[in-house]
Amino acid sequence: MPLESLFGKPRVVIGMVHLGALPGSPDYAGSLDRVVETAVADARAIEEAGLDGIMVENFGDVPFHAERVPSETVAAMAVALAAIGSAVRFPIGVNVLRNDARSALGLCAATKASFVRVNVHERSLGRRAQ
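Numbers 22 to 151, taken from this note's numbering, label the letters of the sequence shown in order.
Shown next, in the form of structure tokens:
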């Protein structure tokens, strides 16, 4: 889908909402409500600043999983994305760090998120690099 069909213009500025550490992460502080409140406040500030959209990612979940993230991460991200989607009117994207494109697409299907970012996308051709 071209950017223009989603945003109504060919060039956009997208802000980033970094979620705090989520359940299951080593740095999780025990309050998903607090993580969501902070994320909603950040999203509103970005919208009020006049940017065109946001990308939401689980930046506080270091160290990142190389491929699939645990189900509790996806569930917590769904809660955050639902709250953000109720608070802002512009397009929302999702990036499940480090490279969980399937979960990102699932989050789009379950929330108001409408685009994804994948940091590293590789298609294996059956050969290994030497």
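In this text, a Cβ means the ideal position worked out from N, Cα and C, and glycines have one as well.
Proximity to L118 across V33, A104, D63, L43 peaks at L43, based on C-alpha coordinates.
Beta-carbon to beta-carbon, I67 and G36 are separated by about 4 Å, close enough to satisfy the 8 Å threshold.
Where V95 is concerned, the enclosing alpha helix (DSSP H) starts and stops at 92 to 108. Excluding residues up to 5 positions away in sequence, L24, D73 lie with their Cβ nearer than 8 Å to the Cβ of K30 in the same chain. Judged by their CB atoms, N79 and T94 are nearer to each other than the 8 Å cut-off.
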